[in-house]
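Input: a single structure, listed below in structure tokens.
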Amino acid sequence: MKKTIVALSLIGFTALAFLATGCTKKEISPSSPVTTVTETKPEPVVTEEKVPEPVVAEPVKEETKMIPGVMLWDEASFWYEKPDGKMYWKLTVDYGTAFECYPKESADSTNSLVESKNAIRVITSTKEEAKKEFTKIRYQNNDYWVQTAIIAINAVPAVVVKDNTYIYKAAEIDKITKDQLSVGTILALYEEDTINGFSKISARPGTKLYEEVFIKEDKLSNNTDDIRALNMVKLIKNTKEKAMQLELLDNTKNLNVSPEIQEVLGSVEDSLVNGTNLSSAAANLLGEASSTATNAANTANDFVDEIVQQTEDFTSVIRQEPARPRIIDDDAK
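Numbered by the working numbering, the letters in the sequence shown go through residues 6 to 338 in order.
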């Protein structure tokens, strides 16, 4: 009986052991596929820094270096070119008007500093056509053409401010002439050509054109306000209404003029307000006779005095070929 119980217990224990082993371990058949799971870690993302491409700068355009110019004709014309290559009137400017000339793009045999060419000038009112030389200019931010014969190139406006301003044919004290410019005469000053106290100028008082002659440096002013004041005097001359004349004269009071021009303005004011005689300078500007105007005898004496003074102040100067005054006709403008 005891043996039977022991045998049954052993069998039961063996069965339990077998069941336990089967629950914890599964036999893998050689024919069963083996699946391997590999954990993949994400690779770090590397962001490449984009280097900007170099910016190629556009070539800097050099601003055209313009050449100053001055009009030497009153009521002169500025012209424009039509596609047919002919020049037609555009506007009218006064004597002494300043503008800028376009420089020549390339050198040629003419030795000219500015851009110029020959073209047909057309007068539309008369249908007249004539071939003239024109220079290209800029005035008040607009481009025009002007006849070369009536302008001073590489010059600026200036004005005579002293009496007895004699013209010299060269920058030499013995090259004096009997011709002189009156106070208030507007002229073209070649600033780069001042030699030993002489200034090279071009001027057209009346109908006579003096081209590249000389006067004493201390006889002129290139003060812009002096020139503006004298232009006011011209307007006064051309205005018949007294109220407008006084208004124009009053406009000059805000200008910083030289003492000599202030004297002229004072004489004009006295004449308008009090009816007094004009000074010789003011009379010359207004084109009127004056009781104080210098007569021929005094003019001759002044000329002699000038010669004496030049002899006393004799200094060595650079000799230059005299620039001959020339006269141009009305057809030039």
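Glycine is no exception: its CB is placed at the ideal position from the N, C-alpha and C atoms.
The model shown is predicted, which means the values in this text are computed figures rather than measured ones.
Give the straight-line distance between the Cα atoms of residue i and residue j, rounded to the nearest whole angstrom.
i, j, result
"I142", "E196", "20 Å"
"L270", "D99", "20 Å"
"A193", "G211", "15 Å"
"V188", "D89", "45 Å"
"S263", "D255", "17 Å"
"S284", "E120", "43 Å"
"Y149", "S207", "22 Å"
"K247", "N259", "20 Å"
"A163", "T131", "36 Å"
"L290", "S111", "42 Å"
"E265", "T199", "22 Å"
"I125", "S82", "14 Å"
"T244", "Q250", "6 Å"
"A176", "F219", "6 Å"
"K109", "T190", "31 Å"
"N236", "E86", "30 Å"
"A135", "K174", "33 Å"
"N146", "N282", "43 Å"
"E252", "K183", "38 Å"
"Y215", "E274", "31 Å"
"D168", "A287", "12 Å"
"I172", "K137", "30 Å"
"V238", "L186", "17 Å"
"R209", "I158", "15 Å"
"G101", "E80", "10 Å"
"V165", "E68", "34 Å"
"S118", "M76", "Reading the sequence as shown, one finds Leu at residue 118 and not Ser. Between L118 and M76, the C-alpha separation is close to 17 Å."
"A103", "I178", "30 Å"
"A234", "W78", "19 Å"
"T257", "K213", "29 Å"
"T229", "N261", "9 Å"
"Q267", "Y144", "29 Å"
"S272", "Y107", "41 Å"
"S226", "N123", "35 Å"
"S295", "E133", "Reliability fails at S295, whose pLDDT of 35 lies under 50, so the model's placement of it is uncertain and no value is given."
Tell whether a beta-carbon distance below 9 Å holds between residue i and residue j.
i, j, result
"W84", "V151", "yes"
"G280", "A160", "no"
"K224", "T153", "no"
"E222", "F203", "yes"
"I232", "L277", "no"
"I155", "E105", "no"
Which of helix, strand or coil does DSSP assign to residue i?
i, result
"V127", "strand"
"A154", "helix"
"K239", "helix"
"N147", "strand"
"G271", "helix"
"E80", "coil"
"V164", "strand"
"L96", "strand"
"S276", "helix"
"K122", "strand"
"E68", "coil"
"E138", "strand"
"T257", "helix"
"P73", "strand"
"I108", "The sequence shown places Pro at residue 108, rather than the Ile named in the question. Note: P108 maps to strand in three-state DSSP."
Taking the beta carbon of residue i as the centre, do at least 16 other beta carbons fall within 10 Å, making it buried, or is it exposed?
i, result
"N201", "exposed"
"T140", "buried"
"I128", "exposed"
"K70", "exposed"
"L96", "exposed"
"K4", "Because residue 4 is not part of the residues shown, which for the chain are 6 to 338, the question remains open."
"E32", "Unreliable positioning characterises E32 in this predicted model, as indicated by a pLDDT of 49, which lies under 50. A coordinate reading is not provided."
"K180", "buried"
"L205", "With the sequence shown as reference, residue 205 is identified as Lys, and Leu is not the correct amino acid for it. The residue in question, K205, is buried, as its Cβ has 16 or more Cβ neighbours within 10 Å."
Should residue i be flagged as near chain D, meaning a C-beta pair shorter than 9 Å?
i, result
"N227", "The structure shown contains no chain D; it holds only a single protein chain."
Counting only runs of 3+ residues fully inside the stretch 176 to 246, write out the beta strand (DSSP E) ranges in chain order.
Within the stretch 176 to 246, the runs of beta strand (DSSP E) that reach at least 3 residues and sit entirely inside it are, in chain order, 181 to 186, 191 to 200, 203 to 208, 215 to 221.
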